[in-house]
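Residue numbers (our numbering): 1148 to 1747. Glycine included, every Cβ here is placed at the ideal spot set by N, Cα and C.
Now the structure itself:
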């Protein structure tokens, strides 16, 4: 008997499959969606809604909303069923025959409030997954339905690309803290085009925000989410009309229909940098080098000193963002294992205000003294040189010259000992004079510009002999030489931008086709030409940013300070809506850019 069972039990799964199949021709399954036949390419059609759309006096608890289709459907993305105003929990759903039933937990609905349930990319047919294009259902827990609406566009502040899935929120509470602490009074999700419409809202004043709600809690988390806002209070001026293009549900591939919608508001999403100022980290890199970083840019440092080190022996610089203080000790004595630094700066207090504060910072050497002594016995020539990097790029040398970057400040320099020369195609050599300029934002960086007009076919050399420079550790440099030649490929092209109506400082970035990296970069303060030489054939974009604080950076915004990110625009030639600029081989392209039109 046991042997029989051992042979029989492995066959049970096979029998379970075969037996129903033998009778499938004579008995239809009435509880599951039918399958098979010609592939279905038609999306589901909504045939009935219960209670009817625009129903009023809906009870606060126990109500279910039934949406019946002409075929069996499935909920592909529960997050696509969106309730406005949103509650603490998202809407719940279940399937019954050809219907989707939506319901809510207790305490979700508020009294005397107009609600919308929006279906976007949430539902598809059962067999093929053909998406239901969407639908907005309106109801009220009071006796009336609100009738106003707003619409707009959400874009990334840097790429100006539309942001899909951003949450746009309206608040009747105008306090700055509302977006952090409360759920909105109305909301909507942007589609593939970054477009949103918030419908059936009250005729009153609102603050409007947009966020990428990563934790889906309908409130803003500045640490992980991007944010955007409209500067002033808004009041809706448009009455809902279901026939309006702005309220239709379109196939996102229908470009003409989607672009026909007219956004009233534009919101730029940005990543905030921390507004609370304090010391973030402190690192001792070596005997005489360390840095102190801050949690927010724009640190205001009054004084800084190190116990036991004379002020005249400290070399300091703060970076362009003003969130990192670099410190070097120009003292050849043996340095202690720990520096005790004291930084007097404006720190954010418990009330959120900036107040003067003196903080002790311990900067511990990364290696124990015993290990450093052992390494002293194994020291090599590479450990005892003034480290530096000398570079030059052919397609930028006419503007940038040769670039020299040290790893530590130099205390003795011999720029006059450097040798700059050119060699023409006939191997005739000339010695060139040059100008040395220290970078205004980095005391370790220098630009060496030959006093000559660069010529194609010539080779240009810059040689730094040994022992020209001595750093704070007392080490001298090794000899090095760099050669650079202008690009000679006759297939390269030139782009000239004729800039007009330039009032203030602007950053002009020539970006790649995907807007992911900057190919070239220039700054301009007045009308004139910007020339980008030696470009390979391809597609580019021209991004122009208002540098309002003239720090040569594209600055982000600050929500609580009501500071928008610095405005950026992509130049679009003619009447085209496309910012792509195609440059062909061996071409000289010219573009007139009027900034008063671009930034109107």
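Query raised in the report: In its own chain, which residues sit with a C-beta less than 6 Å from the C-beta of residue 1679, not counting the 5 before and 5 after it?
Result: 1642, 1657, 1667
Query raised in the report: Using the beta-carbon count (16 or more within 10 Å), is residue 1645 buried or exposed?
Result: Residue 1645 comes out exposed.
Query raised in the report: So residue 1437 is in the beta strand (DSSP E); what residue range does that whole segment cover?
Result: 1436-1441
Requested in this report: Could you tell me which of 1274, 1402, 1443, 1267 sits nearest to residue 1703, measuring between CA atoms?
Outcome: 1443
Query raised in the report: If we ignore side chains and look at the alpha-carbon of each, how far apart do residue 1567 and residue 1549 end up?
Result: 10 Å
Report task. Using the Cα positions of residue 1509 and residue 1670, report the straight-line distance between them to the nearest angstrom. Result -> 40 Å
Report task. Helix, strand or coil for residue 1387, going by three-state DSSP, please let me know. Result -> It is coil, neither helix nor strand.
Requested in this report: Report the option in 1546, 1426, 1482 whose CA atom is closest to the CA atom of residue 1494.
Outcome: 1426
Requested in this report: Report the rounded CA-to-CA distance for residue 1168 versus residue 1685, giving the unit in angstroms.
Outcome: In this predicted model, residue 1168 has a pLDDT of only 41, less than 50, meaning its place in the structure is not dependable; the value taken from the coordinates is given anyway. About 60 Å.
Query - Cutoff 7 Å; reference residue 1266; Cβ partners in own chain excluding five residues on either side - result: 1227, 1228, 1279, 1281, 1282
Query raised in the report: Rounded to whole angstroms, how far is the Cβ of residue 1451 from the Cβ of residue 1436, which I believe are closer than 8 Å?
Result: That pair is no contact at about 15 Å.
Query raised in the report: With distances taken from CA atoms, which of 1346, 1370, 1374 is nearest residue 1356?
Result: Minimum Cα distance to residue 1356 is reached at 1374.
Query raised in the report: In terms of alpha-carbon separation, which member of 1603, 1250, 1347 lies closest to residue 1294?
Result: 1347
**Report entry** Integer Cβ distance of residue 1296 from residue 1385, believed to fall under 8 Å
**Finding:** 5 Å
Query raised in the report: If we call anything under 7 Å between Cβ atoms a contact, is residue 1555 one with residue 1618?
Result: yes
Query raised in the report: residue 1652 by DSSP, collapsed to three states: which one?
Result: coil
Query raised in the report: So, helix, strand or coil for residue 1446, using DSSP?
Result: Note: residue 1446 maps to coil in three-state DSSP.
Report task. Ignore the nearest five residues each way along the sequence and tell me which others in residue 1365's own chain have a CB closer than 6 Å to its CB. Result -> Same-chain partners within the cutoff: 1233, 1330.
Query - 7 Å CB neighbourhood of residue 1716 in its chain, flanking five on each side removed - result: Cβ within range, chain order: 1691, 1745, 1746.
Requested in this report: Check the DSSP bridge columns for residue 1594 and list the partner residues they point to.
Outcome: 1550, 1584
Query raised in the report: Over what stretch of residues does the beta strand (DSSP E) that includes residue 1333 continue unbroken?
Result: 1333-1336
Query raised in the report: Is there contact between the region 1607-1616 and the region 1624-1631, where contact requires at least three CB pairs shorter than 8 Å?
Result: yes
Query - Nearest-angstrom beta carbon gap, residue 1616 and residue 1661 [assumed within contact, 8 Å] - result: Not really, about 41 Å apart at Cβ, beyond 8 Å.
**Report entry** Option in 1471, 1552, 1415, 1580 with minimal Cα separation from residue 1565
**Finding:** 1580
Query raised in the report: What are the start and end residues of each continuous beta strand (DSSP E) run of 3 or more residues lying completely inside the region 1206-1284, in chain order?
Result: As far as the region 1206-1284 is concerned, its whole beta strand (DSSP E) runs of at least 3 residues are 1211-1216, 1220-1222, 1228-1231, 1239-1243, 1246-1250, 1261-1266, 1270-1272.
Query raised in the report: If you compare alpha carbons, which of 1601, 1376, 1689 is closest to residue 1542?
Result: Closest by alpha carbon: 1601.
Query raised in the report: Counting along the chain, where does the beta strand (DSSP E) carrying residue 1627 start and finish?
Result: Residue 1627 -> beta strand (DSSP E) spans 1627-1632.
Query - Alpha-carbon to alpha-carbon, residue 1693 and residue 1363 - result: 33 Å
Report task. Taking the CB atoms as reference points, tell me whether residue 1200 and residue 1284 lie closer together than 7 Å. Result -> yes
Query raised in the report: Nearest to residue 1762 by CA position, among 1649, 1230, 1713, is which residue?
Result: With the chain covering only 1148 through 1747, there is no way to say anything about residue 1762.
Query raised in the report: If we ignore side chains and look at the alpha-carbon of each, how far apart do residue 1622 and residue 1701 end up?
Result: 38 Å
Query raised in the report: Should residue 1512 and residue 1484 be called a contact, given that it needs their Cβ atoms to be closer than 7 Å?
Result: Cβ distance < 7 Å, so residue 1512 and residue 1484 count as in contact.
Query raised in the report: Among residues of its own chain, excluding the 5 on either side of residue 1482, which ones have a beta-carbon nearer than 8 Å to its beta-carbon?
Result: Excluding positions up to five away in sequence, the list reads 1434, 1435, 1476, 1512.
Query raised in the report: Among 1725, 1729, 1730, 1708, which one has its Cα closest to the Cα of residue 1324?
Result: 1708
Query - Segment limits, alpha helix (DSSP H) that includes residue 1402 - result: First-last of the alpha helix (DSSP H) with residue 1402: 1402-1406.
**Report entry** Given residue 1689 as reference, the closest of 1725, 1681, 1697 once Cα atoms are compared
**Finding:** 1725
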